[in-house]
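The numbering of the sequence shown is UniProt numbering, which starts it at 658 and goes up by one. Even glycine gets a Cβ: it sits at the ideal position worked out from N, Cα and C. Only one structure is covered here, and it is reproduced in the block below.
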Amino acid sequence: AKAEGRHTIRFFDLAMQEVANKRVQIETELRRALDEEHFVLFYQPKVNYQGKLQGYEALLRWQHPEKGLISPMDFIPVAEETGLIVPIGQWVIQEACKTLAKWQSQADRKGFILAINISARQFKHKEFVADLTAAIDKFQVRCEALELELTESLLLENIEDAIGTMTVLKKLGIRFSLDDFGTGYSSLNYLKDLPLDSLKIDQSFVRDMLSNSDDAAIVETVITLAKSLRLSVIAEGVEEAQQADFLHELGCDLLQGYFFGRPSLIHFD
Ligand code: C2E
Ligand code: CA
Ligand code: CA
Ligand code: CA
């Protein structure tokens with residue numbers, strides 16, 4: 658039993674070592690990806706029930722020279738840990754503002770709203786507001802068309818600071834959406850203090866709401882809550898017509914999901 662114990666520990670150390678190595682490898686490769694601009698933004702439509710396009714959400718992809726497209730789920734956590742999310746997020750902002758400026762010079766895309774995802778470490782960084790406003794100035798974008806998707810956990814880490822940053826940006830006209838709503842702490846108390854424009858119902862509730870009455874109840878409650886706080890509400894992960902119908906009947910304003918369009922590389926020019 659003693660020998661076995663030692664063996665287990667050795668094995669554990671090796672496994673830990675492997676995780677650490679992998680992390681260092683991703684970090685090294687992420688730095689190179691930044692230098693060589695191996696990132697791309699995919700765009701996923703946000704529509705109303707009639708299918709009319711209201712705007713897009715920008716979703717980051719890493720275009721790896723050997724491994725192909727890498728999902729943000731596979732590198733955002735390492736980027737967060739290492740702080741690389743700050744320059745990566747800065748690249749996302751620049752790229753998104755460039756796209757938005759293009760739309761705003763085109764009659765058929767003038768009114769579109771472009772949403773970008775902001776992670777905690779990026780949002781809390783001392784240069785965040787300065788970097789964002791510099792990009793807005795550089796590309797001359799109308800702030801009313803720019804939406805930032807934030808998560809509950811990000812905001813609750815330090816609610817006073819978060820409200821402070823949001824208020825500064827809100828004054829410029831930037832919109833805020835609360836992403837993955839319902840999956841976090843869901844302390845409803847803070848909602849009324851945040852300068853939000855919309856709530857985003859997490860796809861995990863949408864997925865099963867037609868067969869699971871608990872999920873349906875949560876979806877209905879979030880929509881009712883949004884209405885009473887005078888917030889717009891959007892559902893993500895809509896994959897079927899029946900889901901869209903159900904959400905529409907409950908009063909959900911906007912819809913997003915594979916049923917209406919997958920995230921894709923779009924050349925806006
Ligand atoms: P999210 O913000 O919750 O984005 C929604 C995710 O659901 C996206 O995954 C999207 O491709 C996927 N999705 C959209 N419609 C459907 C559907 O109908 N069915 C299903 N099953 N999935 C759908 P993606 O693009 O892999 O992004 C994953 C997460 O990575 C995002 O979750 C977001 O938290 C993060 N992320 C993406 N881009 C950025 C970025 O530029 N910056 C930061 N900080 N995070 C990002
Ligand atoms: Ca999002
Ligand atoms: Ca989400
Ligand atoms: Ca999510």
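Let's see if you can read the secondary structure: which residues bound the alpha helix (DSSP H) around residue i?
| i | result |
| --- | --- |
| Leu856 | Per DSSP, Leu856 belongs to no alpha helix (DSSP H); it is in the beta strand (DSSP E), Ser855 to Ile858. |
| Pro744 | Ile742 to Gln761 |
| Pro920 | Unbroken run through Pro920: none, as it is neither H nor E. |
| His905 | Ala898 to Leu907 |
| Val879 | Ser870 to Ser885 |
| Gln779 | Ala777 to Lys781 |
| Val735 | Ile733 to Thr739 |
| Gly821 | Ile816 to Leu829 |
Out of curiosity, what's the CA-to-CA distance linking residue i and residue j?
| i | j | result |
| --- | --- | --- |
| Ala787 | Lys849 | 26 Å |
| Trp760 | Ala892 | 24 Å |
| Arg667 | Gln682 | 22 Å |
| Ile880 | Ile858 | 8 Å |
| Leu882 | Glu675 | 46 Å |
| Ser810 | Leu845 | 13 Å |
| Val890 | His721 | 35 Å |
| Phe833 | Leu671 | 44 Å |
For residue i, count the other beta carbons within 10 Å of its own beta carbon; 16 or more makes it buried, fewer makes it exposed. Which is it?
| i | result |
| --- | --- |
| Ala825 | According to the sequence shown, residue 825 is Val rather than Ala. That one is exposed. |
| Phe732 | buried |
| Pro702 | buried |
| Ser776 | buried |
Could you check where the beta strand (DSSP E) with residue i kicks off and where it finishes?
| i | result |
| --- | --- |
| Gly725 | Gly725 to Ile727 |
| Phe699 | Phe696 to Val704 |
| Arg832 | Arg832 to Phe838 |
Say yes only if the C-beta of residue i is nearer than 7 Å to one or more non-hydrogen atoms of ligand 6, and no if none qualify.
| i | result |
| --- | --- |
| Glu893 | What this structure holds is ligand 1, ligand 2, ligand 3 and ligand 4, not ligand 6. |
- request: Output the residues surrounding ligand 2, defined as those with a CB atom closer than 5 Å to any ligand heavy atom, in chain order.
  value: Asn774, Glu806 and Asp836
message: Pairs of beta-carbons, one from the region 800-810 and one from the region 742-761, closer than 8 Å: are there three or more?
response: yes
task: State whether the region 790-798 contacts the region 852-864, with contact taken as three or more CB pairs (one from each stretch) at a distance under 8 Å.
output: Between the region 790-798 and the region 852-864, the count of Cβ pairs shorter than 8 Å is below three; the stretches do not touch.
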